[in-house]
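Q: Its first residue numbered 4, the sequence shown is counted upward by one per residue in the numbering used here.
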Amino acid sequence: MTDYAAQLLNELMGRNRDLLPDQQAQKLSYDSPEVCRYYLVKLCPHDLFTNTRVDLGPCGGIHDDDAREEFLKLPSYRRVVYEDEFLRYCQSMLNEVERKIRKSRQRLELQPDDEKLASLVPPQFSRQEERIASLTGRISKLVNEVEELGCKGQVEEAQSLMRLCDKLKDERDRLRRNNESSVWHQAAEMAASQEKQMQVCDICGAFLILSDAQQRIDDHLTGKQHLGYARLRQVVEEMREGREKEKKDQEAAREKEREERRQRDAAAVAERERGSRSDRDRERERERERERAARNGERERNGERERGGERRRHRGETAIQKGGIVTQKDEIVTQKDGIVTQKDGTEIEIEIKKEETVIQTEEIATQKEEIVIQKEEIAMQKEKIAIQKEEIVIQRGGTVTRTGGTETETAAVASGPVVAQRLTATGTDTPGAPAGSLDRAEPVRGSTERTGPRTPSAEPPDRGTPT
């Protein structure tokens, strides 16, 4: 009673009713121990069942609206502790009323039906009912006969039948009193009436009379206990649905974040691959530049060799071969340029073409080395041919020089002064003369000079065969 009075005063005058005028009211926070946690979340169950059979009594906490507004502004992860406590308390109350509903339904299921009630009635009661019915029929017949005899004037016979009818009525009343006073009969009727009239409320577990007036049924549905349990069920269901929705939203947000992370990782991997591919392309481009520079240097060296060997014979064939090589090189360069222009195409095809180009470049380098070797062999053959030619020219000119000798044979020509042309190459017999030099020889001492017209006898000897 004191708690109810204190609660009533708090509602009427406020919780700071006992403060003096010079005292300042203390502001409550949501985490103050005297604040009702259930009221902060949704509602206080103590306020739902006031003055009912399931009254929980006055609430020991303070219901402060400012603290509630402060609590509702908190993030969800800080409110979850209070909400869990509220759900546990409300669920315990709902579990209690569910047990009450199950027990009430079990009580109704234990009530016997009409067939069971008929089996519970003893056989003698059914025979008494039949006896009462037969007596009622006889009494009705006797009353009819008495009326007929009275109409005919037979008074004595009518009186005797009336006395018999009274006896039968007395016997019938006695049998009826016995049936009505039977305990079995009263219990069966009571059970049958309860079975047909009662049911259990699915919300609060109260018994309802089906045959009752509609006004009383409406009063039950608008009652405080029924509305309290209905409100409690609604709040619990709403909170659970909200949590399920929040859980789904969080899962969707996490899935979206994971998808974005996967996309970022894929983009980073693609960027790294493009960077590494561009690095490889730059490296290959530098390699191609180095190869091109090496080819240019080789071409310059080959040009120097070609310019040095232009004075030799058979340069036409060598030039043709070089032209073929240059043509092949130009074709390879053209292929490389075509490959470079196709960089925007498929990367795999470019890689394959680049590898083929590198292989072709290596093959061309090998061919170039073989050609250089062939050139050197040709140069050696040219030198040998030149030596042989010089020896033939010397022999045809009629001058033979032997290395290490002291004699020189000179053949005079019939017409004009004899001039010996001496060609000295590598391996000649004239000491002191440079190799490959061509000198005009002076007239040999001791030779005969002739002047005047040429005679037939002075014809030069046959130069068809060397002497």
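Where a beta carbon is used, it is the ideal one built from N, C-alpha and C, also for glycine. Every value quoted in this text rests on a predicted model; they were computed, and no experiment measured them.
Between A136 and L171, what straight-line distance do the alpha-carbon atoms span, to the nearest angstrom?
A: Approximately 11 Å, taken between the alpha carbons.
Q: If you check the beta carbons only, do L90 and R82 fall under 9 Å apart?
A: Against a cut-off of 9 Å, the Cβ pair of R82 and L90 comes out as no contact.
Q: Along the chain, where does the alpha helix (DSSP H) containing V83 start, and where does it finish?
A: Where V83 is concerned, the enclosing alpha helix (DSSP H) stretches over 79-113.
Q: Quick one: what's got a C-beta closer than 6 Å to L31's C-beta in the same chain, skipping five residues either side?
A: Only V38, D67, A70 meet the Cβ criterion.
Q: Any Cβ of chain D within less than 9 Å of the Cβ of A161?
A: You won't find chain D in this structure, because it holds only one protein chain.
Q: Whose C-beta lies closer than 8 Å to the C-beta of Y85 among residues of the same chain, with five residues either side of it excluded?
A: Closer than 8 Å at Cβ, skipping near neighbours: R40, L43, V44, F74.
Q: Take the Cβ of P3 as the centre, count every other Cβ of all protein chains shown within 10 Å, and call the residue buried at 16 or more, exposed below.
A: Beyond the ends of the chain as shown, which are 4 and 470, falls residue 3; an answer cannot be given.
Q: Could you tell me which residues DSSP pairs with M201 in its beta bridges?
A: Partner(s): I212.
Q: So for V57, helix, strand or coil by DSSP?
A: V57: coil per DSSP, three-state reduction.
Q: Rounding to the nearest angstrom, what Cα-Cα distance links E133 and G226 in this structure?
A: Between E133 and G226, the C-alpha separation is close to 50 Å.
Q: For Y232, count the other beta carbons within 10 Å of its own beta carbon; 16 or more makes it buried, fewer makes it exposed. Which is it?
A: Answer is buried; the Cβ neighbour count reaches 16.
Q: Note down, in chain order, each residue of its chain lying with its Cβ closer than 7 Å to the Cβ of Q94, except the 5 sequence neighbours on either side.
A: Answer for Q94: V239, listed in chain order.
Q: Classify R443: buried if its beta carbon has 16 or more other beta carbons within 10 angstroms, exposed otherwise.
A: In this prediction, R443 scores a pLDDT of 40, lower than 50, which makes its location untrustworthy; no coordinate-derived value is stated.
Q: Would you decide whether G208 is buried or exposed? Buried here means 16 or more other CB atoms lie within 10 Å of its CB.
A: By the 10 Å Cβ count, G208 comes out buried.
Q: DSSP on T431, reduced to helix/strand/coil?
A: Here the model assigns T431 a pLDDT of 41, short of 50, so the residue's position is not dependable and the matter cannot be decided.
Q: Nearest CA to the CA of D205: which residue from Q228, M165, R219?
A: Checking every option, the nearest Cα to that of D205 belongs to Q228.
Q: How would you call E258, buried or exposed, if buried means at least 16 neighbouring beta carbons within 10 angstroms?
A: It is exposed - the Cβ of E258 has fewer than 16 other Cβ atoms within 10 Å.
Q: With 16 as the cutoff for other CB atoms within 10 Å, does P48 come out buried or exposed?
A: So P48 counts as buried.
Q: Counting along the chain, where does the alpha helix (DSSP H) carrying Y41 start and finish?
A: Here the alpha helix (DSSP H) through Y41 covers 40-44.
Q: Is the segment 144-159 touching the segment 104-115, taking contact as three or more C-beta pairs under 8 Å?
A: The segment 144-159 vs the segment 104-115: no contact.
Q: Alpha carbon to alpha carbon, what distance is there between E366 and N305?
A: Rounded to the nearest angstrom, the two C-alpha atoms are 18 Å apart.
Q: Span of the alpha helix (DSSP H) holding I220?
A: Looking at the DSSP string, the run of the alpha helix (DSSP H) that includes I220 is 217-224.
Q: Contact check, R234 vs L51 under 8 Å by CB: the rounded distance?
A: Between L51 and R234 the Cβ distance is about 6 Å, and since that is below 8 Å, they are a contact.
Q: I'd like to confirm the pairing. Which residues does DSSP put opposite I367 in its beta bridges?
A: Partner(s): none; I367 has no beta bridge.
Q: Secondary structure at I376, three-state DSSP: helix, strand or coil?
A: Helix at I376.
Q: Label V100 either buried or exposed according to how many other C-beta atoms from any shown protein chain fall within 10 Å of its C-beta, with 16 as the threshold for buried.
A: Classification for V100: buried.
Q: Looking at L113 and S203, is the spacing between their C-beta atoms short of 9 Å?
A: Reading off the sequence, residue 203 comes out as Val, not Ser. Contact: no.
Q: Alpha carbon to alpha carbon, how far is Q131 from T179? Give it in angstroms, no decimals.
A: Looking at the sequence itself, residue 179 is Arg, so the reference to Thr does not match. Rounded to the nearest angstrom, the two C-alpha atoms are 8 Å apart.
Q: Identify, in the order they occur along the chain, each residue of the same chain with its Cβ nearer than 6 Å to the Cβ of R175, setting aside the five sequence neighbours on each side.
A: So the qualifying residues of the chain are I135, L138.
Q: Would T236 and L97 qualify as a contact pair, given that the criterion is a beta-carbon distance under 9 Å?
A: Residue 236 is actually Arg in this sequence, not Thr. Taking 9 Å as the Cβ cut-off, R236 and L97 qualify as a contacting pair.
Q: Give the DSSP bridge partners of I355, in chain order.
A: None, per the DSSP bridge assignment.
Q: Round the Cβ separation of K371 and E290 to the nearest angstrom and send it over; I've been treating them as touching at under 8 Å.
A: The Cβ separation is near 18 Å, so there is no contact.
Q: Take L46 and list the residues in its own chain whose beta-carbon comes closer than 7 Å to its own, dropping the five residues that flank it on each side.
A: Only V238 meet the Cβ criterion.
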